[in-house]
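*Asks:*
Numbering (full-length UniProt numbering), first residue to last: 1 to 155.
Below is the structure:
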């Protein structure tokens with residue numbers, strides 16, 4: 001009878017006192033997490049909307065189309081309207097289109113939006129935000145009719 005030599009390897013699992021098997025090594029290295037563009041865009045959209053002086057996100061056409069879509073039964077307000085995200089493995093870049101309220105400093109609002117978006121996205125995703133490009137597409141004047149989003153839904 002011939003003996004087959006056995007190879008000794010490092011253990012790949014341990015057994016706890018309760019008999020549960022657990023893997024070894026850093027749990028952060030056992031798998032992969034991917035974050036979609038849409039998730040980053042939602043986070044950025046919510047963070048931008050929180051800034052005083054931001055009236056809305058998106059171009060006039062996108063807001064009008066969104067208002068119609070919001071009125072459809074089962075439809076909901078899009079948190080990603082006016083936000084485009086490009087997500088890589090460790091970094092992301094964002095483009096935002098905003099409407100500011102008349103009388104506010106566009107430079108100050110843009111700076112605050114950028115800071116708020118970067119903070120929220122980096123805190124929630126762990127991704128490095130390499131740029132936040134902001135396009136101010138409109139100014140909401142005080143005497144303008146309210147946006148379609150603010151009108152009561154059709155019956």
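C-beta: ideal position from N, C-alpha, C; glycine also.
Please classify residue 97 as buried or exposed, where buried requires at least 16 neighbouring CB atoms within 10 angstroms.
*Replies:* Residue numbering aside, residue 97 sits at position 97 when the chain shown is read from its first letter. The residue is buried, with at least 16 neighbouring Cβ atoms inside 10 Å.
*Asks:* Is residue 111 helix, strand or coil by DSSP?
*Replies:* Residue mapping note: residue 111 aligns to position 111 of the chain shown, counting from 1. Three-state DSSP puts residue 111 in a helix.
*Asks:* Beta-carbon separation of residue 41 and residue 113 under 8 Å?
*Replies:* Here the question's residue 41 lines up with position 41 in the chain shown. Here the question's residue 113 lines up with position 113 in the chain shown. Not a contact, by the Cβ cut-off of 8 Å.
*Asks:* On a Cα-Cα basis, can you pick out the residue from 43, 100, 50 that is closest to residue 142?
*Replies:* Working through the chain shown from its first residue, we reach residue 142 at position 142. With distances taken between Cα atoms, residue 142 lies closest to 100.
*Asks:* Does the beta-carbon distance from residue 87 to residue 37 come in below 8 Å?
*Replies:* As a position in the chain shown, residue 87 is number 87, starting the count at 1. As a position in the chain shown, residue 37 is number 37, starting the count at 1. Taking 8 Å as the Cβ cut-off, residue 87 and residue 37 qualify as a contacting pair.
*Asks:* Just verifying my parser: in three-state terms, what is the DSSP assignment at residue 168?
*Replies:* This structure cannot settle anything about residue 168, because the visible part of the chain is limited to 1 through 155.
*Asks:* Can you grab the Cα-Cα spacing for the pair residue 118 / residue 53, in whole Å?
*Replies:* Within the chain shown, the letter at position 118 stands for residue 118. Within the chain shown, the letter at position 53 stands for residue 53. For residue 118 and residue 53, the distance between alpha carbons rounds to 18 Å.
*Asks:* Leaving out five residues before and five after residue 116 in sequence, what residues of the same chain have Cβ atoms less than 8 Å from its Cβ?
*Replies:* Numbered from its first residue, the chain shown carries residue 116 at position 116. The residues are 47, 48, 50, 51.
*Asks:* Among 122, 30, 104, 128, whose alpha-carbon lies nearest the alpha-carbon of residue 136?
*Replies:* Within the chain shown, the letter at position 136 stands for residue 136. That would be 104, whose Cα lies nearest to the Cα of residue 136.
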